[in-house]
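> Numbering-wise, the sequence shown is residues -20 to -1, 1 to 740 according to mature numbering (1 follows the signal peptide of the UniProt record, and there is no 0).
Just so you know, even glycine gets a beta-carbon here, dropped at the ideal spot from N, CA and C.
All values derive from a computational prediction rather than experimental measurement.
Please find one structure pasted underneath; my questions will follow.
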Amino acid sequence: MAAMASSTFFFFLLCLTVTAKKTYLVHMKHQDKPLSFETHNDWYSSSLQSLSATPAESLLYSYNAAFNGFAASLDPEQAEALSKSDSVLGVYEDTVYNLHTTRTPQFLGLDADSGLWAGHNTQQLEQASRDVIIGVLDTGVWPESKSFDDSGMPEVPAKWRGECESAPDFNPKFCNRKLIGARSFSKGYRMASGGGGIYKKPGEIQSPRDKDGHGTHTASTAAGSHVANASLLGYASGTARGMATHARVAAYKVCWETGCFGSDILAGMERAIEDGVDVLSLSLGGGSAPYFRDTIAIGAFTAMEKGIFVSCSAGNSGPTKATLANVAPWIMTVGAGTLDRDFPAFAVLGNKIRYNGVSLYSGRGMGKKPVGLVYSKGNSSGSNLCLTGSLDPALVRGKVVLCDRGTTARVEKGAVVRDAGGVGMILANTEASGEELVADSHLLPAVAVGRKVGDLIREYARSEPNPTAALVFGGTVLDIKPSPVVAAFSSRGPNMVTPQILKPDVIGPGVNILAAWSEAIGPTGLAKDSRKTMFNIMSGTSMSCPHISGLAALIKAAHPEWSTSAIKSALMTTAYTQDNTNSTLRDAADGSLSNPWAHGAGHVDPQKALSPGLVYDISTEEYITFLCSLGYTVDHVKTIVKRPNITCSTKFKDPGELNYPSFSVLFGGKRVVRYTRELTNVGPARSIYKVTVNGPSTVGISVRPKTLIFRSVGEKKRYTVTFVAKRGTSPMAKPEFGSIEWGNAQNQVKSPVSFSWSLM
């Protein structure tokens, strides 16, 4: 018995040891590698051996480009010991990131035949984009989709060094001249899944194949080929196409069932950089963190140095303020807006009042005969939210159920209603989601309504002795006004990592977007959804991000000599802030006027971005000066910059001195803030620009000089802008907004300005 007890205790200790292991990113002093080691990988392996760790089991990734160091599976004691080494700059626990889950080209003006690119037509631009490669880090790809058809595509660019990996469900021959690369990275995910951990998913194959749909949707949005007669079960019927239809796509699967692990993302970014992509698109993110702890920011810095444009989603945590992800200034941070297309549906109550909503339900309808309406009738306090198990079938069967939005997925609520015997659902917004309407392909007849309408229906259901409702579906409607409108879910500023950098940068189409889909999963993503569709309609900043990735590819094709910051500047300074009724952009959350903390510089305008006139350019050295101005240690800066000789001898007095295309003025205890910016002429020689300023009454704005004369292409000119807070303005005053615009008859180069007297 004693022996058995001893062995049981040993097994218990062994289990503790196994479960205690976690993935850590280890930042090394790259230049410290002893000459006795041929490669850095050998050195990293030796470092692990010194901890009594088996390198073959512990070393997950050895990074060369995106990060100086490695990812390893270690217990906390080993991580602590490693952090004390003189050659180690830092040891950080792996982070989990999350996904920020065809009329778009027409809405953006990309179907125009001419005038798109300074005297060149659309066909010439498409020809030029054939050498541009977009790397998409996401849930993989469904290679059989018609959106990746390579008809008419020339040979793969000679610069391409990537490949399509083989897996049990993925033949490398699935790749072609359109989808030129497909890889997967799962070591961080599998490490977290080990030992029956919380991330374990039995039977998940390590493969680039997309079992989620999200990655196929984003990749086809960025660069999908033309596909005629595309629709989601009849909705949004038309030709589906990506932004850059002739660009190449490379898929890097870094997201799995339970999220996207930082170690896998970094490995995917490194491989994409080495493979030769021109644009990186990441529709994922986490919370905000200092840049030296932000895996995506670290990888993106290396990409930027190598001329790779990085576009990331801003997050779906709006309309709450200060909820942005991916705010590094070398990243394009993309929020979401609506299209001029809608999918109307109606709830007709027993009192004959018809309320407007939206839906993508495509099955047999309810008919015109009203049925009983129930609200908050069930077995628990969660019945108003239609949580699993909360509805009483005896009360729900044969009726329409009114469900409050929130807590669980919108489509999941419909499944709960259906399983309880309900025949329809009205999904009503609460204060958190305001008036924003997002259409879903529900499993039963369902209509989504805004908060105000929801409150009226709630009151009717409570007060009427025998409430009834019928649901009616209106198909697809175009030319909706006003549009675009800023999506309520789109994450908002201010930027809490660096308040002096205004974020988001822009918004793009991100509500009810039709794009290619994985046939491994139904349109709702629910396990019980057995429907199959080649296209799906989704919403999120995940959808707006690849629009901008594709547009950046087009600009890069048109101007291959431009830096990534010049491309970003072109997209920002030409963005518009008026909707199709010539009114200021509005916020879907409450219908109020939007502001740059919600829409950044505005909604992208591809035609104008191709010929912006002037750009704000930023060199790698300027980004380093910016980083040195943030109060980081030199070692922290080296984590991002990956250069051994950084000393931070040069700093800005204020991080807002970075030559950014927008301004975030934080007065704090000061009354005067002064910034100098530099503009580069990418338009014709002998161009003259005059400045126009717009600001609140609480701030004085002066610009010197007021006129800029550019005698040649590529010439650079500086101007200084002084912001003076009026005396008596309270430190608790609410944020204000304005703009600075340089213009002539051909171009308007506009920068948004935010004014804050305190951080929040």
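Taking the Cβ atom as the reference point for each residue, do L319 and P489 lie within a distance shorter than 7 Å?
As a first step, residue 319 must be located in the sequence shown, where it is residue number 339. As a first step, residue 489 must be located in the sequence shown, where it is residue number 509. Yes, the pair counts as a contact, with Cβ atoms nearer than the cut-off.
> Could you tell me the distance, in whole angstroms, from the CA atom of K432 to the CA atom of E444?
To locate residue 432, count along the sequence shown from 1; it is residue 452. To locate residue 444, count along the sequence shown from 1; it is residue 464. Each residue's Cα considered, the two are about 18 Å apart.
> Expressed to the nearest angstrom, what Euclidean distance is found between the alpha-carbon atoms of S293 and V733?
Start at 1 with the first residue of the sequence shown, and residue 293 comes out as number 313. Start at 1 with the first residue of the sequence shown, and residue 733 comes out as number 753. Each residue's alpha carbon lies about 21 Å from the other.
> Which stretch, first to last residue, makes up the beta strand (DSSP E) that contains G718?
Numbered from its first residue, the sequence shown carries residue 718 at position 738. Taken as a continuous stretch (DSSP letters only), the beta strand (DSSP E) holding G718 covers E716 to G723.
> I need the DSSP call for T525, collapsed to helix, strand or coil.
Numbered from 1 along the sequence shown, position 545 holds the residue referred to as residue 525. Before going further, note that residue 525 is Cys rather than Thr in the sequence given. It is helical.
> DSSP three-state label for S471, please.
Translated into positions along the sequence shown, residue 471 becomes position 491. Three-state DSSP puts S471 in coil, outside helix and strand.
> If you draw a straight line from the C-alpha of S263 to the C-alpha of R651, how long is it?
For the purposes of this step, residue 263 is taken as residue 283 along the sequence shown, with counting starting at 1. For the purposes of this step, residue 651 is taken as residue 671 along the sequence shown, with counting starting at 1. S263 and R651 have their C-alpha atoms some 39 Å from each other.
> With DSSP collapsed to three states, give me the class of S42.
Here residue 42 corresponds to residue number 62 of the sequence shown, with the count starting at 1. If DSSP states are grouped into helix, strand and coil, S42 belongs with the strands.
> The alpha helix (DSSP H) with F326 in it runs from where to where?
What you label residue 326 is simply residue 346 of the sequence shown in a count that begins at 1. For F326, there is no enclosing alpha helix (DSSP H); the residue is part of the beta strand (DSSP E) that begins and ends at P324 to L329.
> Indicate the three-state DSSP secondary structure (helix, strand or coil) for D567 in the structure shown.
Here the question's residue 567 lines up with position 587 in the sequence shown. The answer is strand: DSSP assigns D567 an E or B state.
> By alpha-carbon positions, which one of Q104, A500 and L482 ends up nearest to P184?
Position 204 of the sequence shown, counted from the start, is the residue given in the question as residue 184. Sequence check: residue 184 is Glu here, not Pro. The candidate whose alpha carbon is nearest that of E184 is A500.
> Straight-line CA distance for C524 to V486?
Numbered from 1 along the sequence shown, position 544 holds the residue referred to as residue 524. Numbered from 1 along the sequence shown, position 506 holds the residue referred to as residue 486. For the record, residue 524 in the displayed sequence is Ser; it is not Cys. Distance between the alpha carbons of S524 and V486 is about 10 Å.
> So who's on the other strand from P489, going by DSSP bridges?
As a working mapping, residue 489 is identified with position 509 in the sequence shown. BP columns for P489 point to G317.
> What is the rounded straight-line gap between the Cα of S361 and the Cα of D559?
As a first step, residue 361 must be located in the sequence shown, where it is residue number 381. As a first step, residue 559 must be located in the sequence shown, where it is residue number 579. Approximately 42 Å, taken between the alpha carbons.
> Return the bridge partner residues of C240 from the DSSP annotation.
Along the sequence shown, one-based indexing puts residue 240 at 260. Answer is Y77 and C235, bridged to C240.
> Is L451 near A327, with beta carbons less than 7 Å apart?
Taking the sequence shown and counting its residues from 1, one reaches residue 451 at position 471. Taking the sequence shown and counting its residues from 1, one reaches residue 327 at position 347. Against a cut-off of 7 Å, the Cβ pair of A327 and L451 comes out as a contact.
> Could you give the DSSP three-state label for C628: helix, strand or coil?
Locating residue 628 in the sequence shown gives position 648, counting from the first residue. DSSP places C628 in coil when its eight states are reduced to three.
> Contact between the region 134 to 141 and the region 245 to 256: three or more CB pairs below 8 Å?
yes
> Quick one: residues in its chain with C-beta nearer than 6 Å to the C-beta of E695, no 5 flanking neighbours on either side, listed in chain order?
As a first step, residue 695 must be located in the sequence shown, where it is residue number 715. Contacts found: N661.
> Can the beta-carbon of A325 be found less than 7 Å from the beta-carbon of V427?
Taking the first residue of the sequence shown as position 1, residue 325 is located at position 345. Taking the first residue of the sequence shown as position 1, residue 427 is located at position 447. Their beta carbons are under 7 Å apart, which means A325 touches V427 by this criterion.
> Please list, in chain order, all residues of the same chain as G454 whose beta carbon is under 8 Å from its beta carbon, the five residues on each side excluded.
Along the sequence shown, one-based indexing puts residue 454 at 474. If we look at G454 and ignore the five residues flanking it on each side, its Cβ neighbours are F323, P324, A325 and F326.
> Are there three or more Cβ pairs, one per stretch, closer than 8 Å when the region 718 to 725 is compared with the region 629 to 641?
no
> Roughly how many whole angstroms lie between the Cα atoms of E474 and K379?
As a first step, residue 474 is located in the sequence shown; it is residue number 494 there, counting from the start. As a first step, residue 379 is located in the sequence shown; it is residue number 399 there, counting from the start. First, the amino acid is wrong: residue 474 is Pro here, not Glu. If you take the alpha carbons of P474 and K379, they lie about 45 Å apart.
> Going by other Cβ atoms of all chains shown within 10 Å of its Cβ, with 16 needed for buried, is T672 buried or exposed?
Mapped onto the sequence shown, residue 672 falls at position 692. Its Cβ having fewer than 16 others within 10 Å, T672 is exposed.
> Tell me which same chain residues have a C-beta within less than 8 Å of the C-beta of E716, skipping the five on either side of it?
One-based indexing of the sequence shown puts residue 716 at position 736. Answer for E716: G675, P676, T678, V679, S734 and F735, listed in chain order.
> With a threshold of 16 other CB atoms inside 10 Å of the CB of R657, please say whether the residue is buried or exposed.
The residue given as residue 657 occupies position 677 in the sequence shown. R657 comes out buried.
> With distances taken Cα to Cα, identify the nearest neighbour of residue 741 among F50, L573, A(-1) and L5.
Summary: the structure shown does not reach residue 741, with the chain confined to residues -20 through 740, and so no result is reported for it.
> So what does DSSP say about C292, is it helix, strand or coil?
Residue mapping note: residue 292 aligns to position 312 of the sequence shown, counting from 1. Collapsing the DSSP output to three states places C292 in a strand.
> What does a CB cutoff of less than 8 Å around D130 pick up in its chain, not counting 5 residues either side in sequence?
In the sequence shown, counting from the first residue as 1, residue 130 sits at position 150. So the list reads N156, R157, K158, L159 and S205, once near-sequence residues are dropped.
> Three-state secondary structure (DSSP) at S30?
For the purposes of this step, residue 30 is taken as the residue at position 50 of the sequence shown. In this structure, S30 counts as coil in the three-state DSSP scheme.
> List the whole-angstrom C-beta distance separating G248 from L117, where the pair is believed to meet the contact cut-off of C-beta under 8 Å.
In the sequence shown, residue 248 corresponds to position 268, counting from 1. In the sequence shown, residue 117 corresponds to position 137, counting from 1. The Cβ separation is near 5 Å, so the contact holds.
> So, for C628: in the same chain, excluding its five sequence neighbours on each side, which residues have a beta-carbon less than 7 Å away from its beta-carbon?
Looking up residue 628 in the sequence shown gives position 648. Result list for C628: C608, V614 and V617, in chain order.
> Quick check on this structure: which residue in R377, I406 and L375 has the alpha carbon closest to the alpha carbon of V338?
Here residue 338 corresponds to residue number 358 of the sequence shown, with the count starting at 1. With distances taken between Cα atoms, V338 lies closest to I406.
> So what does F690 bridge to, in DSSP terms?
For the purposes of this step, residue 690 is taken as residue 710 along the sequence shown, with counting starting at 1. Paired residue(s): S667.
> From the DSSP secondary-structure annotation, give me the bridge partner or partners of K696.
Indexing the sequence shown from 1 puts residue 696 at position 716. Answer is T660, bridged to K696.
> Examine the Cβ distances between the region 507 to 523 and the region 542 to 551 and report whether three or more of them are shorter than 8 Å.
no
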